[in-house]
Amino acid sequence: MSIDVIRADYTDPRHATAIIDLLDAYARDPMGGNHPLSAAVREGLVPALAARSDAVSILAFVDGVPAGLVNMFEGFSTFKCKPLMNIHDVTVLADFRGLGLARRMLAMAEAIAIERGCCKLTLEVLDGNHPAKALYRSLGFAGYALDPATGQAVFWEKPVQA
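In my numbering, the protein residues as written are 153 to 314.
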(Lines of atoms letter the chains of each structure in order from A and count residues from 1; the text may use other names and numbers.)
(Lines give C-alpha, C1' and ligand atoms only; values in the text may rest on other atoms or scores of the structure.)
Protein backbone atom coordinates (compact mmCIF):
# COMPACT_ATOMS: atom_id res chain seq x y z
CA MET A 1 0.00 0.00 0.00
CA SER A 2 1.31 3.41 -1.01
CA ILE A 3 0.41 6.47 1.11
CA ASP A 4 1.23 9.98 -0.14
CA VAL A 5 0.54 13.12 1.88
CA ILE A 6 1.04 16.30 -0.11
CA ARG A 7 0.31 19.99 -0.07
CA ALA A 8 -2.51 20.53 -2.56
CA ASP A 9 -1.95 22.56 -5.71
CA TYR A 10 -5.19 24.44 -6.34
CA THR A 11 -4.33 24.69 -10.05
CA ASP A 12 -4.05 20.90 -10.44
CA PRO A 13 -7.43 19.55 -11.63
CA ARG A 14 -6.87 16.23 -9.84
CA HIS A 15 -6.19 18.02 -6.55
CA ALA A 16 -9.18 20.34 -7.07
CA THR A 17 -11.50 17.38 -7.65
CA ALA A 18 -10.09 15.57 -4.62
CA ILE A 19 -10.65 18.61 -2.37
CA ILE A 20 -14.28 18.95 -3.46
CA ASP A 21 -15.08 15.23 -3.31
CA LEU A 22 -13.44 14.74 0.10
CA LEU A 23 -15.05 17.85 1.58
CA ASP A 24 -18.44 16.78 0.19
CA ALA A 25 -18.06 13.35 1.79
CA TYR A 26 -17.21 15.08 5.08
CA ALA A 27 -20.21 17.42 4.77
CA ARG A 28 -22.49 14.40 4.24
CA ASP A 29 -21.14 12.68 7.39
CA PRO A 30 -22.84 13.26 10.76
CA MET A 31 -19.63 14.95 11.97
CA GLY A 32 -19.85 17.35 9.02
CA GLY A 33 -23.52 18.21 9.32
CA ASN A 34 -25.25 15.52 7.20
CA HIS A 35 -25.72 17.77 4.14
CA PRO A 36 -23.90 17.71 0.78
CA LEU A 37 -22.04 20.75 -0.46
CA SER A 38 -24.16 23.09 -2.55
CA ALA A 39 -23.49 23.40 -6.27
CA ALA A 40 -22.20 26.94 -5.66
CA VAL A 41 -19.65 25.70 -3.10
CA ARG A 42 -18.61 22.77 -5.31
CA GLU A 43 -17.99 25.19 -8.18
CA GLY A 44 -16.48 28.10 -6.29
CA LEU A 45 -14.48 26.65 -3.42
CA VAL A 46 -11.17 25.78 -5.08
CA PRO A 47 -10.92 29.10 -6.98
CA ALA A 48 -11.74 30.91 -3.72
CA LEU A 49 -9.04 28.95 -1.86
CA ALA A 50 -6.54 29.66 -4.64
CA ALA A 51 -7.24 33.39 -4.33
CA ARG A 52 -6.34 33.39 -0.62
CA SER A 53 -2.70 33.61 0.45
CA ASP A 54 -3.70 32.34 3.91
CA ALA A 55 -5.23 29.05 2.69
CA VAL A 56 -3.44 25.70 2.70
CA SER A 57 -4.91 22.29 1.86
CA ILE A 58 -3.25 18.95 2.50
CA LEU A 59 -4.30 15.78 0.69
CA ALA A 60 -3.68 12.12 1.52
CA PHE A 61 -3.76 9.54 -1.25
CA VAL A 62 -3.79 5.76 -0.72
CA ASP A 63 -2.64 3.87 -3.79
CA GLY A 64 -3.44 7.01 -5.79
CA VAL A 65 -6.99 7.31 -4.43
CA PRO A 66 -7.92 10.54 -2.58
CA ALA A 67 -8.51 9.48 1.03
CA GLY A 68 -8.00 12.46 3.36
CA LEU A 69 -8.07 16.24 3.52
CA VAL A 70 -7.00 19.04 5.84
CA ASN A 71 -7.93 22.65 5.11
CA MET A 72 -6.32 25.36 7.19
CA PHE A 73 -6.01 29.12 7.25
CA GLU A 74 -3.44 31.47 8.68
CA GLY A 75 -4.68 33.88 11.32
CA PHE A 76 -2.94 36.12 13.82
CA SER A 77 -2.38 35.95 17.58
CA THR A 78 -2.48 39.45 19.05
CA PHE A 79 -1.20 38.18 22.41
CA LYS A 80 1.89 36.65 20.75
CA CYS A 81 2.15 39.15 17.86
CA LYS A 82 2.70 36.21 15.52
CA PRO A 83 0.71 34.29 12.94
CA LEU A 84 -1.22 31.18 13.93
CA MET A 85 -2.65 28.40 11.79
CA ASN A 86 -6.29 27.38 12.23
CA ILE A 87 -7.09 23.87 11.07
CA HIS A 88 -10.61 24.19 9.73
CA ASP A 89 -11.35 20.75 8.23
CA VAL A 90 -9.89 17.33 8.96
CA THR A 91 -11.45 14.35 7.22
CA VAL A 92 -10.52 10.83 6.22
CA LEU A 93 -12.91 8.69 4.18
CA ALA A 94 -14.35 5.80 6.21
CA ASP A 95 -12.67 3.13 4.06
CA PHE A 96 -9.24 4.59 4.88
CA ARG A 97 -9.57 5.23 8.62
CA GLY A 98 -7.08 3.50 10.87
CA LEU A 99 -4.14 4.00 8.48
CA GLY A 100 -2.74 7.04 10.30
CA LEU A 101 -3.68 9.48 7.52
CA ALA A 102 -4.99 12.21 9.82
CA ARG A 103 -1.85 11.93 11.95
CA ARG A 104 0.35 12.29 8.84
CA MET A 105 -1.66 15.23 7.47
CA LEU A 106 -1.56 17.00 10.83
CA ALA A 107 2.21 16.46 11.02
CA MET A 108 2.47 18.23 7.67
CA ALA A 109 0.14 20.97 8.94
CA GLU A 110 2.46 21.53 11.90
CA ALA A 111 5.53 21.63 9.63
CA ILE A 112 3.83 24.25 7.43
CA ALA A 113 2.88 26.30 10.51
CA ILE A 114 6.49 26.21 11.70
CA GLU A 115 7.70 27.15 8.21
CA ARG A 116 5.37 30.19 8.31
CA GLY A 117 6.57 31.25 11.76
CA CYS A 118 3.28 30.48 13.49
CA CYS A 119 3.08 30.42 17.27
CA LYS A 120 0.35 27.77 17.46
CA LEU A 121 -2.13 25.54 15.68
CA THR A 122 -5.81 25.85 16.55
CA LEU A 123 -8.81 23.71 15.68
CA GLU A 124 -12.35 23.00 16.75
CA VAL A 125 -13.80 19.56 17.38
CA LEU A 126 -17.31 18.41 18.18
CA ASP A 127 -17.64 17.33 21.79
CA GLY A 128 -19.04 13.94 20.74
CA ASN A 129 -16.29 13.17 18.22
CA HIS A 130 -14.31 11.00 20.60
CA PRO A 131 -11.93 9.44 18.04
CA ALA A 132 -10.91 12.89 16.77
CA LYS A 133 -10.50 14.23 20.30
CA ALA A 134 -8.27 11.28 21.21
CA LEU A 135 -6.12 11.86 18.14
CA TYR A 136 -5.81 15.59 18.80
CA ARG A 137 -4.90 15.00 22.45
CA SER A 138 -2.23 12.49 21.39
CA LEU A 139 -0.74 15.19 19.16
CA GLY A 140 -0.61 17.77 21.97
CA PHE A 141 -3.83 19.71 21.35
CA ALA A 142 -5.85 20.72 24.41
CA GLY A 143 -8.49 23.16 25.51
CA TYR A 144 -7.15 26.31 27.08
CA ALA A 145 -7.94 28.91 29.68
CA LEU A 146 -6.19 32.24 30.09
CA ASP A 147 -7.00 32.09 33.81
CA PRO A 148 -8.47 28.97 35.44
CA ALA A 149 -10.89 31.21 37.35
CA THR A 150 -12.54 32.32 34.09
CA GLY A 151 -12.83 28.83 32.61
CA GLN A 152 -11.99 27.21 29.30
CA ALA A 153 -12.33 28.92 25.95
CA VAL A 154 -15.45 27.93 23.99
CA PHE A 155 -15.94 28.27 20.23
CA TRP A 156 -19.11 30.18 19.27
CA GLU A 157 -20.51 31.39 15.98
CA LYS A 158 -23.00 33.91 14.65
CA PRO A 159 -23.96 33.68 10.97
CA VAL A 160 -23.97 37.00 9.11
CA GLN A 161 -25.27 38.03 5.71
CA ALA A 162 -22.58 39.30 3.36
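Beta carbons: idealized from backbone N, C-alpha and C, even for Gly. These numbers come from a predicted model, not from an experiment.
- Of the candidates S229, T230, A294 and G252, G252 places its Cα closest to the Cα of I155.
- Residues G303, Q304 and A305 of the same chain have their beta carbon placed closer than 7 Å to that of A297, with the five preceding and five following residues left out of the count.
- Annotation note: the segment 248–292 contains the following uninterrupted alpha helix (DSSP H) runs of length 4 or greater, listed N- to C-terminal: 253–267 and 282–290.
- Here the alpha carbon of H187 sits roughly 21 Å from the alpha carbon of I239.
- Annotation: K232 to C271 spans about 7 Å, alpha carbon to alpha carbon.
- Remark: C-beta atoms of P218 and E226 do not approach each other more closely than 8 Å.
- When the beta-carbon positions are compared, L287 and A254 come within less than 8 Å of each other.
- Residues Q304 of the same chain have their beta carbon placed closer than 6 Å to that of G295, with the five preceding and five following residues left out of the count.
- Scanning its chain for C-beta atoms nearer than 6 Å, with the 5 sequence neighbours on each side dropped, one finds around L189 the residues D176 and A179, in chain order.
- Setting aside the 5 residues that flank it on each side, N281 is surrounded in the same chain by M183, each with a C-beta closer than 7 Å to its C-beta; the list follows chain order.
- Going by DSSP, R204 is part of no alpha helix (DSSP H) at all; its letter is neither H nor E.
- Looking at P199, W308 and K285, the one whose alpha-carbon comes closest to that of A160 is P199.
- Contact check between the segment 257–274 and the segment 209–223: three or more CB pairs, one atom from each, fall below 8 Å, which counts as touching.
- DSSP places D176 inside the alpha helix (DSSP H), whose first and last residues are P165 to R180.
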